[in-house]
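J.: Reading the sequence shown from the start, the letters are residues 1 to 759 in full-length UniProt numbering.
For every residue, glycine included, the Cβ atom is placed at its ideal position computed from N, Cα and C.
My questions all concern the structure below.
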Amino acid sequence: MLYAWIARINLRISACVAAGLMVIFIMPFSQAYTNERDVYAINSLYGALGSPPLPGWISNGGDPCVEGWQGVQCMDSNITGIVLNGANLGGQLGDELGNFTSILTIDLSNNNIGGGIPENLPVTMLRLYVLGQIIKILFLSANQFTGSIPSSLSKLTLLTDMSVNNNHLTGELPDAFQSLTGLINLDLSFNNLTGQLPSSMGSLSSLTTLHVQNNQLSGTLDVLEDLPLKNLNIENNLFSGPVPVKLLNIPNFKKDGNPFNTSVAPSSMPPQPSSPLSKAPPVPGTMPANSSDGPSAQQSAPPGKKKHLSTMRVIGCVLIAVVLFIVVVLMVIFCMSKYQERKSKRGELYKSQVGRVSKGSKEPRSKEHFIMPKDEVKEPVAKEIPEERKREPEIDTRITVPEETFEKQKEHVYEMGGTSILVMPPPPVEKVIVNPIAPAENIESPPPEQICPPTSAISFSVASLQQYTDSFTEESLIRESRLGKVYLAELPDGKLLEVMKIDNVTSRIPVDVFLELVANISELRHPNIVELVGYCAEFGQRLLVYKYFSRKTLRDILHCGDDLNRKLSWNARLQVALGAAKALEYLHEGCQPPIVHQNFEPANVLIDDKLAVRVSDCGLASLMSSISVTQQLSGRMHALYSYEAPELNESGTHTDRSDVYNFGVVMLELLTGRKPFDSSRPRVEQHLVRWASSQLYDINALSKMVDPSIGGKYSEKSLSRFADIISRCIQQGPEFRPPMSEVVQDLTRMVKVAEAAAD
1 MLYAWIARIN
11 LRISACVAAG
21 LMVIFIMPFS
31 QAYTNERDVY
41 AINSLYGALG
51 SPPLPGWISN
61 GGDPCVEGWQ
71 GVQCMDSNIT
81 GIVLNGANLG
91 GQLGDELGNF
101 TSILTIDLSN
111 NNIGGGIPEN
121 LPVTMLRLYV
131 LGQIIKILFL
141 SANQFTGSIP
151 SSLSKLTLLT
161 DMSVNNNHLT
171 GELPDAFQSL
181 TGLINLDLSF
191 NNLTGQLPSS
201 MGSLSSLTTL
211 HVQNNQLSGT
221 LDVLEDLPLK
231 NLNIENNLFS
241 GPVPVKLLNI
251 PNFKKDGNPF
261 NTSVAPSSMP
271 PQPSSPLSKA
281 PPVPGTMPAN
291 SSDGPSAQQS
301 APPGKKKHLS
311 TMRVIGCVLI
321 AVVLFIVVVL
331 MVIFCMSKYQ
341 ERKSKRGELY
351 KSQVGRVSKG
361 SKEPRSKEHF
371 IMPKDEVKEP
381 VAKEIPEERK
391 REPEIDTRIT
401 VPEETFEKQK
411 EHVYEMGGTS
421 ILVMPPPPVE
431 KVIVNPIAPA
441 ENIESPPPEQ
451 ICPPTSAISF
461 SVASLQQYTD
471 SFTEESLIRE
481 SRLGKVYLAE
491 LPDGKLLEVM
501 KIDNVTSRIP
511 VDVFLELVAN
521 ISELRHPNIV
531 ELVGYCAEFG
541 QRLLVYKYFS
551 RKTLRDILHC
561 GDDLNRKLSW
571 NARLQVALGA
581 AKALEYLHEG
591 CQPPIVHQNF
601 EPANVLIDDK
611 LAVRVSDCGL
621 ASLMSSISVT
631 QQLSGRMHAL
641 YSYEAPELNE
651 SGTHTDRSDV
661 YNFGVVMLEL
671 LTGRKPFDSS
681 RPRVEQHLVR
691 WASSQLYDIN
701 ALSKMVDPSI
711 GGKYSEKSLS
721 RFADIISRCI
731 QQGPEFRPPM
741 SEVVQDLTRM
751 VKVAEAAAD
């Protein structure tokens, strides 16, 4: 019995020693590896960014802190910073940023990252070695972010510097600043933010720099008067009322381009946008300079140092383990010798002692002591991460033309970029509330001084637009539409706009009706729609100011011998069709109530040199009824020579399915390269729809219809599917035509197949 008891004692001691040695031996390695929750978060971020070619970065696993991933900063085994300024990144941020446990700095400025700023920002993760640290520096400037600033900003209680300038952010500022008492520098400039400054901004007791210039912010500045500001820029907004006296004492205060102390009238002078800098720098003094060659010396040194420390730590632990093992063995031998000496003298006493011991706990405490913490550490990561994935929202795929630096934005500050049509599915669209416009004769126009301009559109004066367009000369004329002429406008700083000068008959609508129309159009936001930025309603004139996109239209390319026609391959025509279809889908299904274009034709499909597409004249259907009779053909002849649907000859009512018919005719032009009516052709071929509709399902006849400039570089299957979409769109009965969302889905599949075949 004595030997059995000693054996159990030895077993317990050996278990304790083995577990202790295991913990001691593994501890240095576990500390050297990056926190696996941080690894999961950075892998997810890498995937959301589109897996760009960043040295060291991989999409699954890896050890960012030891392997020295570019731009990754670490403290011990935790990622504390990601600095990738100007790394030509795209994609989105994803929804896993909240999984970073100890990140303090995120600097992704001067890239092409799109989508929205995620709600799931990094929150405090308590550890024994991290005292509740949370993100302090957030630089996302000069990217392509859309949507609004998330209200979860209030959770970043240790935030000191934030810069999201030069993006496409919209909506009102969240009332989420009350807990950001440590915020020192805040830059929200060059976006499309609206509304008033939230009252919680009055809690920013450490704020010294605030830049909100070139937005559409309104209201008064009273909330800022008690802040310790030293640098305040509010230029080119819609702030009104008196300027608080305390703000006038700020050393660097810029306020031009706001209607202070004046009533806001539609004839107010346009704001003069300040020239953007060549690059969006981080707030001075908050971030170390970033080397253009990748990670700085500070970022690249820690991995090697850690490897050296890890090696020394392993050697030390092995020596300690050997010493402990020898001590334990000596103690066991000593105990065994003592028990052997006592056996002969106190045999019965030993039996009773062994009996009492054998009835004790059968589970050694060492097992509970060493195994349970392991479960406690591993299990939350394994369970929580899938839950985070379950909460992932759909990815926003609205993509804009990249603006890599501030200098590039100087060319496109009023330009919403095109979408990469080949690779992205139809984007989810945000519902836009568009109020119906009452007929002009039923509205009594209020005096001009009682009319307030739309908050999201800039009011230009006639004098300024004359200056920018060189007095609307023929040299400035870009194109003509059914509503009027469109002129190129160049601002003093070189920015380009286009001004639609609505003809005299149409421009007789009352000022208040026109302003309501402008307010509705200014809410339209889509990468395939020309964006309205301003208007003019002075001296009986009605002018609309848009972001400049391109002089070229699809009509010019197809029918006017434009050199770009040589580049319009079959795949490029699929891109053009998909881009235009997405614009109509947004008007029909993304706006509430739905908007009918009513004038969709190649002349309103703008195309730049990169084959990006924007549709113009959106939301102007209410002005069509004001066009004089002499400007329109009537009855059946009107349907014959234009793109309008057959039912308009009977009912005269435009619907979304009328737009679908127009779109089908435009697709037919893309297919054949012919005009909808061409008197120079044989009589049976003069009317395009009548001539082509009966041949769309005959593959031999269809091949002969294809535009010769394509040169036969297409597949018969793709050609057949394209013809099938056309056939459904130009059905005589509107009830048989598909919705634009169905057309977008079909074209998206075709583009993906064509893209895969090209690769």
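1) Anyone know if the C-beta pair for A581 and V743 falls short of 8 Å?
2) Closest to N191 by CA distance: which of V499, Q144 and G50 is it?
3) Am I right that T473 and V499 are in contact with their C-beta atoms under 8 Å? What's the rounded C-beta distance?
4) Just how far apart, CA to CA, sit D107 and N85?
5) Check for me: the beta strand (DSSP E) holding M201 runs from which residue to which?
6) For N215 versus N249, is the C-beta spacing smaller than 8 Å?
7) Tell me whether the beta-carbon of T146 lies closer than 8 Å to the beta-carbon of I79.
8) Output yes or no for whether 8 Å exceeds the beta carbon distance between V223 and L247.
9) Does the pairing of the segment 540-556 with the segment 704-713 give three or more beta-carbon distances under 8 Å?
10) Is there contact between the segment 195-213 and the segment 171-186, where contact requires at least three CB pairs shorter than 8 Å?
11) Are the Cβ atoms of L502 and R551 separated by less than 8 Å?
12) Name the one or two DSSP bridge partners that M500 has.
13) Could you check the C-alpha separation between D617 and M740 for me, to the nearest Å?
14) When the Cα of A723 is compared with those of D656, F460 and Y697, which residue comes out closest?
15) Please list, in chain order, all residues of the same chain as L138 whose beta carbon is under 6 Å from its beta carbon, the five residues on each side excluded.
16) By the 10 Å Cβ neighbour count, where 16 or more other Cβ atoms means buried, how is I557 classified, buried or exposed?
17) Give me, in chain order, the residues of the same chain whose beta-carbon lies closer than 6 Å to that of V486; leave out the 5 immediate sequence neighbours on both sides.
18) Candidates A41, S709 and M705: which alpha carbon is nearest L719's?
19) Once DSSP output is grouped into helix, strand and coil, what is the label at Q592?
20) Who are the near neighbours of V660 in its chain, counting only those whose CB is closer than 6 Å to its CB and skipping five residues on each side?
21) Could you give the distance in angstroms between the alpha-carbon of E523 and the alpha-carbon of T194?
22) Return the first residue and the last residue of the alpha helix (DSSP H) that K686 is part of.
23) Would the segment 109-120 count as touching the segment 59-76 if we require 3 or more Cβ pairs under 8 Å?
24) Count the other CB atoms, across all protein chains shown, that sit within 10 Å of the CB of A757; report buried if there are 16 or more and exposed otherwise.
25) Count the other C-beta atoms from every protein chain shown that fall within 10 angstroms of the C-beta of M331, then say buried if there are 16 or more, exposed otherwise.
26) Please state whether the Cβ-Cβ distance between I149 and L121 is less than 8 Å.
27) Three-state secondary structure (DSSP) at P295?
28) How many whole angstroms separate the CB atoms of G94 and A142, which I take to be in contact at a CB cut-off of 8 Å?
29) On a CA-only basis, which of G115, S152, D678 and L670 is nearest L89? Give me that one, please.
30) Between the segment 524-534 and the segment 581-598, do three or more beta carbon pairs fall short of 8 Å?
31) Does the Cβ of K610 have 16 or more other Cβ atoms within 10 Å, making it buried, or fewer, making it exposed?
32) Ignore the nearest five residues each way along the sequence and tell me which others in I521's own chain have a CB closer than 6 Å to its CB.
33) Is the Cβ-Cβ distance between G56 and G68 less than 8 Å?
34) Spatial neighbours of L173 within its chain, please: CB distance less than 7 Å, with the 5 preceding and 5 following residues excluded, ordered by chain position.
35) Who are L624's beta bridge partners in DSSP?
36) Quick one: using the 10 Å Cβ neighbour count with 16 as the cut-off for buried, is F539 buried or exposed?
T.: For this structure:
1) yes
2) Q144
3) That belief does not hold up - the Cβ atoms of T473 and V499 are roughly 12 Å apart, past 8 Å.
4) 6 Å
5) Taken as a continuous stretch (DSSP letters only), M201 belongs to no beta strand (DSSP E), as it is neither H nor E.
6) At the C-beta level, N215 and N249 stay beyond 8 Å of one another.
7) Not a contact, by the Cβ cut-off of 8 Å.
8) The answer is no: Cβ separation not under 8 Å.
9) no
10) yes
11) A small fix is needed here, since residue 502 is Ile in this sequence, not Leu. Contact flag unset, no.
12) V486 and L544
13) 18 Å
14) Y697
15) I106 and M162
16) buried
17) I478, R479, E498 and M500
18) M705
19) strand
20) C729 and R737
21) 11 Å
22) Per the sequence shown, residue 686 should be read as Gln rather than Lys. Element bounds for Q686: n/a, residue is neither H nor E.
23) no
24) exposed
25) exposed
26) no
27) The pLDDT assigned to P295 is 36, lower than 50, so where the model puts this residue is not dependable; a value taken from the coordinates is nonetheless given after this. In the three-state scheme derived from DSSP, where H, G and I count as helix and E and B as strand, P295 is classed as coil.
28) Actually they are not in contact, since the Cβ atoms of G94 and A142 sit about 20 Å apart, beyond 8 Å.
29) In terms of Cα proximity to L89, the closest of G115, S152, D678 and L670 is G115.
30) Counting Cβ pairs under 8 Å, three or more are found: they touch.
31) Exposed, because fewer than 16 other Cβ atoms sit within 10 Å of the Cβ of K610.
32) L532 and G619
33) The answer is yes: Cβ separation under 8 Å.
34) So the qualifying residues of the chain are I149, L193, G195, L197 and P198.
35) It should be noted that the sequence gives Met, not Leu, for residue 624. Per DSSP, M624 has no beta-bridge partner at all.
36) exposed
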